[in-house]
Amino acid sequence: MDSTNRQLAEQLFAPLRVSFGAPRPDGSTVLSLLDEADAAAYSRVLSNVQLQDSLAFAQCLEEIRQELAVRSGNIPTEMRKALKEHASVLSYHNA
């Protein structure tokens with residue numbers, strides 16, 4: 003694991019502790035976010051591409067951050083706006 007990527011993840015998800023599992027046979031690894039009791043608060047498999055490409059890694063971290071925000075009820079303003087815009091164009095058909 004690149005130390006720059008590790009530092010980015012640690013800064014983004016503090017106070018949760020970031021843990022990267024051992025590499026899997028396909029090159030992927032599990033990113034776990036641990037609470038103060040070392041219980042996994044969140045886990046996601048990161049592909050080898052996401053681990054090797056800093057832009058893909060940063061994008062994945064942002065997706066995780068947004069998912070955690072949604073789960074906790076703290077939806078960022080720009081996401082709330084996008085959801086409203088998307089919802090306004092959805093079409094529902096009764097069959």
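Numbering (my numbering), first residue to last: 3 to 97. We treat Cβ as the ideally placed atom computed from N, Cα and C, and that holds for glycine.
| Asked | Found |
| --- | --- |
| Reference L48; option with closest CA among E38, F22, A41 | F22 |
| Assigned exposure category for L57 - 16 Cβ within 10 Å defines buried | exposed |
| Limits of the unbroken beta strand (DSSP E) element including S5 | Where S5 is concerned, there is no enclosing beta strand (DSSP E), although the alpha helix (DSSP H) it sits in stretches over 5-15. |
| For V32: DSSP bridge partner residues | V47 |
| Counted within 10 angstroms of its Cβ, other Cβ atoms place V51 as buried (16 or more) or exposed | exposed |
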